[in-house]
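J.:
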Amino acid sequence: MLLVLNKVMVVALQVPLASFGTITAAARKLLVPLSAAFTLAEMLHARISWELSVTLGHSPSPWPSPRVRSAGPPPAPPSL
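Under this note's numbering, the first residue of the sequence shown carries the number 140, and numbering increases by one thereafter.
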């Protein structure tokens, strides 16, 4: 969903910002607010993705999620 929001923001801002292409002062004024908005959106995206992965039990790391509990010790290897 955030990917869709990102695409909408790019399309919505692309045409209005294109008119500032020759006006460097106006473009410079918009640089900080836009970079802050996109940085905040990326931070929220990372946090929400992590929260969802923990909540749903899908661990992006090789270690199991803290919410996943093992059923006991591993089974003994078969004897030869």
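Every residue, glycine too, gets a C-beta built ideally from N, C-alpha and C.
1. Please list, in chain order, all residues of the same chain as residue 178 whose beta carbon is under 6 Å from its beta carbon, the five residues on each side excluded.
2. Would you call the segment 178 to 194 in contact with the segment 163 to 170, where contact means no fewer than 3 C-beta pairs closer than 8 Å?
3. List in chain order: all unbroken alpha helix (DSSP H) runs of 4+ residues lying wholly within the segment 160 to 198.
4. If you draw a straight line from the alpha carbon of residue 218 to that of residue 192, how long is it in whole angstroms?
T.: Looking at the coordinates:
1. none
2. no
3. 163 to 195
4. 39 Å
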